[in-house]
Amino acid sequence: MRILVVEDDPEAARYIARGLTEAGHLVETAADGESGLVLARDPGFDVAIIDRMLPKLDGVALVETLRAENVATPVLFLSALGEVDDRVVGLRAGGDDYLVKPFAFVELLARIEALARRGDGGETRNHMAVGDLELDQLTRRVSRANQVINLQPREFRLLEYLMRHANQVVTRTMLLENVWDYHFDPQTNVIDVQISRLRAKIDKDFDRPLLHTVRGAGYVVRDSD
Amino acid sequence: MTLISQLWRTATFRLALIYLALFGVSVAVLVSFLYFSTVRVIERQTDETIGAEITGLSERYRDEGLLGLRAVVVERSSGQRHSLYLLVAPGDAILAGNLDRWPSVATGPSGWLNFTFGQPVGRDFETHEARARHILLDDGFQLLVGRDIQQRRDIDALVRESLVWALALLLVFGLAGGVVMSRNMLGRIQAINRTSQDIVAGDLSRRVPVTGSNDEIDRLAVNLNHMLDQIEQLMEAMRQVTDNIAHDLRGPLNRLRTRMDVTLMERPTAAEYHRALESMVGDTEQLLATFNALLRIAQVESGVRKSFGDIDLTAIIRDLGELYAGVVEEKGLEFSLAAGDELTIWGDRELLAQAVSNLLDNAVKYTPPGGNIWLTADYSNGHVTVAVADSGPGIAAEAIEHVLDRFVRLDTSRNSAGSGLGLSLVRAVANLHGATLRLDDANPGLLVTLVFPEASSASERHLSNL
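So the sequences go chain by chain: D and L. The first sequence begins at 244 in the numbering used here and counts up one residue at a time. The second sequence begins at 16 in the numbering used here and counts up one residue at a time.
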């Protein structure tokens with residue numbers, strides 16, 4: 244993927260760029276809002292990572308300008324401001340996700356991959372399938388190898404989110420935010436337990452596991468090891 | 016700085032001076048008015064009397080001639096000291112009267128004149144002032160009738176003198192009063208200034224002196240002291256936070272540092288390096304969690320109710336119950352959830368969820384397998400109440416207050432996860448919502464109750480807004 248990083252802290256920018264390159268992405272960086280805007284007008288980027296507080300042109304203003312110019316590149320805001328209100332401001336300005344510093348690098352990686360795929364129009368699919376696991380959003384029917392699986396409403400939403408991001412690593416924080424709408428991290432492993440319950444329903448009676456744990460990062464639904 | 020220039024700089028003194036000037040001028044105007052109007056009346060009375068007497072005497076002259084007039088003048092001037100008479104023939108020869116010569120001053124209009132004469136007092140003479148009128152009779156004879164006005168002049172002088180003295184005294188007393196008053200005020204304000212300077216210099220324990228008179232300056236002092244109390248309390252709280260951060264972050268940072276040093280010394284294999292780095296990432300994650308928890312508490316304690324709204328507490332409790340059910344069950348605990356319907360309060364959904372989540376985290380962490388955890392929310396007696404109870408070891412009564420402080424973990428082993436900040440955040444969230452946080456013995460176990468204020472029930476709040 245081609246990724247734009249607009250970050251004024253040179254050290255942070257260098258590490259983000261290095262990490263993303265290491266993960267196989269092409270990275271371009273800008274150190275202030277104005278040069279960031281110039282670069283971001285290039286529609287060839289899959290994702291833009293933009294710090295909220297930038298010299299010359301604020302991150303929020305940058306994204307508002309981009310959106311006004313009909314540039315649809317998915318934007319992930321990085322910010323030291325973590326209150327719900329700040330998040331709302333960022334998303335309202337046209338940001339697609341919001342990550343509060345400091346963050347784990349796997350979190351950043353997982354989120355930009357999720358954002359880039361979303362650009363494919365994947366979320367408009369009503370019927371999703373991974374291997375022999377199928378989910379229909381309209382009828383709310385889940386089946387594996389044509390056997391119907393009964394899920395609680397929240398389990399359905401959990402699986403729905405995982406399947407929409409099939410083959411991508413999804414972190415616990417992403418699940419808490421998108422499935423439960425909580426922006427804090429419980430001290431107990433509540434998500435792990437929820438996942439293991441879901442796994443018991445969709446994987447237990449079948450030879451081939453589809454819901455995998457990625458150590459140190461999160462979970463992924465995919466039809467291969 | 017001299018006393019005068021120092022005084023002149025005080026508002027009180029300048030005010031006192033201005034008032035003094037205004038008062039002095041108005042008193043002077045008033046007294047002068049009284050003085051001049053009185054003198055004028057007395058003067059007019061004197062003139063009228065003299066005029067009337069002249070008229071009487073000229074009638075006598077017309078009726079009885081020069082001899083008759085002379086007889087009357089002789090009669091009236093005998094034994095008289097204040098009424099003056101003089102009847103002269105042409106050439107100023109005195110025919111009758113009690114003046115020894117015709118006054119040698121020019122006569123004003125209508126025959127009025129002021130002059131001085133010698134008045135016998137015992138064996139001496141005093142020079143007295145007199146006012147008189149003269150008329151011409153037939154054949155060059157002249158008549159003069161007057162009054163000794165020396166006494167009146169003396170009273171005039173006395174009054175004028177007293178007036179000057181009174182004004183002078185007024186100025187002296189006023190000035191002295193102004194100085195004393197402003198020095199008094201100045202002293203009290205300088206006391207406040209000195210205290211402020213001491214505080215700026217770093218001594219936050221100083222307080223402005225209060226006299227107890229409850230006047231404006233006293234109230235200012237009391238308010239300043241209240242403000243200082245508040246500031247000192249905040250500073251103390253901040254100092255404590257800093258101490259606690261230092262304490263709780265230094266430990267893990269030190270462990271991390273040691274682990275790095277040891278790893279570098281051991282010449283490890285690539286796999287060992289990898290393992291060491293992984294555990295260091297875990298350490299930093301713990302540090303960041305503590306750090307974030309502290310920031311969160313600070314944000315909540317700043318008291319900004321930005322994202323407050325009517326929130327569905329029932330939904331939050333049921334959601335969290337569902338989220339935690341798995342963990343509770345996995346640990347071999349019994350979970351009971353009871354949430355009343357349609358519990359709506361005025362608050363922040365995210366913060367309340369986090370607070371209850373923290374309470375559930377603690378309950379799960381401290382309750383041994385085989386125990387119970389209860390999560391309830393209900394409405395009674397006008398209050399919405401949320402409670403989390405467990406059958407764990409509970410908290411000793413004497414430790415209950417202490418446990419709300421930051422970083423307190425009763426098991427000092429530090430093996431269990433968590434920053435020790437959970438209850439502090441719960442307390443901060445409770446305070447922000449005006450809710451009461453109670454910790455009780457659940458016999459056995461811990462019962463944590465959040466009682467929301469009556470007005471935080473949304474329907475009642477709307478009613479009270481009507």
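Even glycine gets a Cβ: it sits at the ideal position worked out from N, Cα and C.
Review point. Quick one: which chain D residues come within Cβ less than 8 Å of G341 of chain L?
Key: V433, V436, Q437, S439 and R440
Review point. Leaving out the 5 sequence neighbours to the left and right, which residues in its chain are closer than 8 Å to L269 of chain D when beta-carbon positions are compared?
Key: M244, R245 and I246
Review point. Which bits of chain L does R397 of chain D rub up against, with CB to CB less than 9 Å?
Key: D334, E337 and L338
Practice item. Look at the alpha carbon of R333 of chain L and the alpha carbon of A402 of chain L, and state the distance between them as a whole number of angstroms. Key: 13 Å
Review point. Using a beta-carbon distance below 9 Å, is P345 of chain D in contact with chain L?
Key: yes
Point to revise | L182 of chain L versus Q165 of chain L: straight-line alpha-carbon distance, rounded | key: 26 Å
Exercise for review: Locate the beta strand (DSSP E) running through E365 of chain L, then write down its first and last residues.
Suggested key: Where E365 of chain L is concerned, there is no enclosing beta strand (DSSP E), although the alpha helix (DSSP H) it sits in stretches over R364 to Y381.
**Study point:** L106 of chain L classed as buried or exposed, judged by whether at least 16 other C-beta atoms fall within 10 angstroms
**Key:** Note on residue identity: the sequence assigns Gly, not Leu, to residue 106 of chain L. Result: exposed.
Check your understanding: By the criterion of Cβ-Cβ separation under 8 Å, what are the contact partners of L303 of chain L in chain D?
Key -> P345
Review point. Roughly how many whole angstroms lie between the Cα atoms of S428 of chain L and L454 of chain L?
Key: Note on S428 of chain L: pLDDT 34, under 50, position unreliable in the model; the coordinate value appears next. Taking the straight line from one Cα to the other gives about 23 Å.
Practice item. Report buried or exposed for W180 of chain L, applying the criterion of at least 16 other Cβ atoms within 10 angstroms of its Cβ. Key: exposed
Check your understanding: Comparing the C-beta of G362 of chain L with each C-beta of chain D, is any distance below 9 Å?
Key -> no
Check your understanding: What in chain D is Cβ-close to E281 of chain L, meaning under 8 Å?
Key -> Residues of chain D passing the Cβ test: none, with the nearest at roughly 23 Å.
Review point. Q157 of chain L lies in the beta strand (DSSP E); which residues open and close that run?
Key: Q157 to D163
Point to revise | Cα-Cα separation between A256 of chain D and D327 of chain L, rounded to whole angstroms | key: 42 Å
Review point. Within 10 angstroms of its Cβ, does D426 of chain L collect 16 or more other Cβ (buried), or is it exposed?
Key: Only weak support is given to the placement of D426 of chain L: the predicted model assigns it a pLDDT of 42, under 50, and the question is left unresolved by the model.
Exercise for review: For Q411 of chain D, count neighbouring Cβ atoms within 10 angstroms of its own Cβ and tell me buried if that reaches 16, exposed if not.
Suggested key: buried
Check your understanding: Among L:A370, L:A412 and L:T391, which one has its Cα closest to the Cα of R442 of chain L?
Key -> L:A370
Check your understanding: Taking 9 Å as the CB-CB cut-off, is D285 of chain D touching chain L?
Key -> no
Check your understanding: Which class does M371 of chain D belong to by DSSP, given the choice of helix, strand or coil?
Key -> strand
Review point. Using a Cβ cut-off of 9 Å, which residues of the segment 362-382 of chain L contact any Cβ in chain D, in chain order?
Key: D363, R364, E365, L366, A368, Q369, S372, N373, L375, D376, N377, V379 and K380
**Study point:** Simplified DSSP assignment, three categories, for H262 of chain L
**Key:** helix
Exercise for review: Just the C-alpha distance for L279 of chain L and L292 of chain L, rounded to the nearest angstrom, thanks.
Suggested key: 11 Å
**Study point:** Straight-line gap, V423 of chain L to V332 of chain D (C-alpha atoms, nearest Å)
**Key:** With a pLDDT of 47 at V423 of chain L, under the threshold of 50, the modelled position of this residue cannot be trusted; read the value that follows with caution. Straight-line Cα distance between these residues: approximately 35 Å.
Exercise for review: Use the C-beta contact count for L381 of chain D: other C-beta atoms within 10 angstroms, 16 or more gives buried, fewer gives exposed.
Suggested key: exposed
Review point. Quick one: what's Y341 of chain D bridged to in DSSP?
Key: D:F320
Review point. Do three or more CB pairs link the segment 153-169 of chain L to the segment 61-78 of chain L at distances below 8 Å?
Key: yes
Review point. Looking at the unbroken beta strand (DSSP E) that takes in Y462 of chain D, where does it start and where does it end?
Key: G461 to V464
Check your understanding: Three or more beta-carbon pairs under 8 Å between the segment 461-468 of chain D and the segment 18-31 of chain L, yes or no?
Key -> no
Practice item. Give the DSSP-derived three-state secondary structure of Y425 of chain D in the structure shown. Key: coil
Practice item. Starting from E377 of chain D, follow its DSSP beta bridges and name the residues at the other end. Key: D:A372 and D:S386
Review point. Between F320 of chain D and chain L, is there a C-beta pair that is closer than 9 Å?
Key: no
Practice item. Rank L:V136, L:L338 and L:Y34 by C-alpha distance to the C-alpha of D372 of chain L and give the top, closest one. Key: Sequence inspection shows Ser at residue 372 of chain L; the Asp mentioned does not correspond to that position. The option with the nearest alpha carbon to S372 of chain L is L:L338.
Exercise for review: Let me know the secondary structure DSSP gives W117 of chain L once reduced to three states.
Suggested key: coil
Point to revise | Min CB distance Y258 of chain D to chain L below 9 Å | key: no
Check your understanding: Is the Cβ-Cβ distance between L302 of chain L and L264 of chain L less than 9 Å?
Key -> yes
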